[in-house]
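Participant: Below you will find the structure I want to go over with you.
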Amino acid sequence: MLICSIMYAETIKTAELNGANSTKRSKRSVNTRNTVLDAAVALYQVHGVDKTSTSAVIEKSGVGRTTFYRHFKDRDDLLNQALMRDFDELMSDFEAQTRHYASLETQIEEDMIWFLDQFAVRPALSLLFSDIEWQGYQQTAQSLASFRRASLACAKPTFERARDEGRLREGIGLDQYIDWASFVVISMQVVKLPVLENRVRSREMLRNFLVPSLISVDR
17 MLICSIMYAE TIKTAELNGA NSTKRSKRSV NTRNTVLDAA VALYQVHGVD
67 KTSTSAVIEK SGVGRTTFYR HFKDRDDLLN QALMRDFDEL MSDFEAQTRH
117 YASLETQIEE DMIWFLDQFA VRPALSLLFS DIEWQGYQQT AQSLASFRRA
167 SLACAKPTFE RARDEGRLRE GIGLDQYIDW ASFVVISMQV VKLPVLENRV
217 RSREMLRNFL VPSLISVDR
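The opening position of the sequence shown corresponds to residue 17 in our numbering, with each subsequent residue numbered one higher.
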C-alpha cells in the first residue's frame, strides 16, 4: 500500500513537472515568434517590405536561422503572421475600447471609424496601404480568415442591433452586411483622403453612403 502511494505521488509530481515544462516551452515559443515579428515590422517600416530580406529579419531578431524557420515557412508567411497578430489584437481590443451609442446610425459610424483607425495604429496593418509595392504578396487562407474574423467582430454587433430593431435593408444578411462594410472601409483607406480633412470626410462618407445602404435611416 505504501509503495502504491509513493508511486502515485511520483506520477503526480512527474505530470506536474511535465505540464510546467510544457507551459514554459509554449511561452518561450510565443515570445520568440513575437520577437521575430517585431523585428520584421520594424524593418518593414524603415526599408519597406520589398527591401527587407529574411536574413535581415533573422539578424535583427537575434534568433538562429533554424529557429526562424521553425516558426515561419518563408517571407510571405512572415508577412501574413504579422498581419494575423494585429488582427487578433484588434478583435480583443474592439469590445473593450468601443462605446455604446443611443443612435444606431452613430453606432455604425463610430464602429467603422474605429476599425478604419486601426490601419494607422497597428504596426503591420499600417503598412497595408502605405507600401503599395508589396500588396501583391501571397496571402494565405489564415490571413484572409483573420481579416474576415476582424470584420465580423467589428460589424456583427450593429448588424444584430439593426436586425433586432427591424431596420435592416430588405434582403441584407450577415455576410452581405460584413462584406459591404469591409469593402467600404478598405476603399476609403486606399483613396487616401487629404490628411487634414480625413476624419471629417470619413464620417461624412460613412454617414451619407454606408449607413443608408445597410439600414433604414431615421430622418
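Backbone N, C-alpha and C define an ideal beta-carbon position, used for all residues, glycine too.
1) Taking the CB atoms as reference points, tell me whether residue 100 and residue 61 lie closer together than 8 Å.
2) Any heavy atom of the ligand NAD within a distance shorter than 7 Å of the CB on residue 67?
3) Label residue 55 either buried or exposed according to how many other C-beta atoms from any shown protein chain fall within 10 Å of its C-beta, with 16 as the threshold for buried.
4) Which same chain residues end up closer than 8 Å to residue 129 when comparing Cβ atoms and leaving out the 5 residues on each side of it in sequence?
5) For residue 184, list the residues DSSP reports as bridge partners.
6) Tell me, to the nearest whole angstrom, how far the beta carbon of residue 120 is from that of residue 186; I am working on the premise that it is less than 8 Å.
7) Would you say residue 163 and residue 103 are within 8 Å of each other, going by their C-beta atoms?
8) Under the rule that 16 or more other beta-carbon atoms within 10 Å means buried, what is residue 160, buried or exposed?
9) Would you mind stating whether residue 230 and residue 124 have Cβ atoms separated by less than 8 Å?
10) In whole angstroms, what separates the C-alpha of residue 73 from that of residue 114?
Facilitator: On the basis of the data shown:
1) Not closer than 8 Å, so no.
2) As presented, the structure is devoid of all ligands, the ligand NAD included, so that no description of it is given.
3) Taking a 10 Å sphere around the C-beta of residue 55, we find 16 or more other C-beta atoms and assign the residue as buried.
4) 215, 218, 219, 222
5) 231
6) No, residue 120 and residue 186 are not in contact; Cβ-Cβ is about 17 Å, not under 8 Å.
7) yes
8) exposed
9) yes
10) 35 Å
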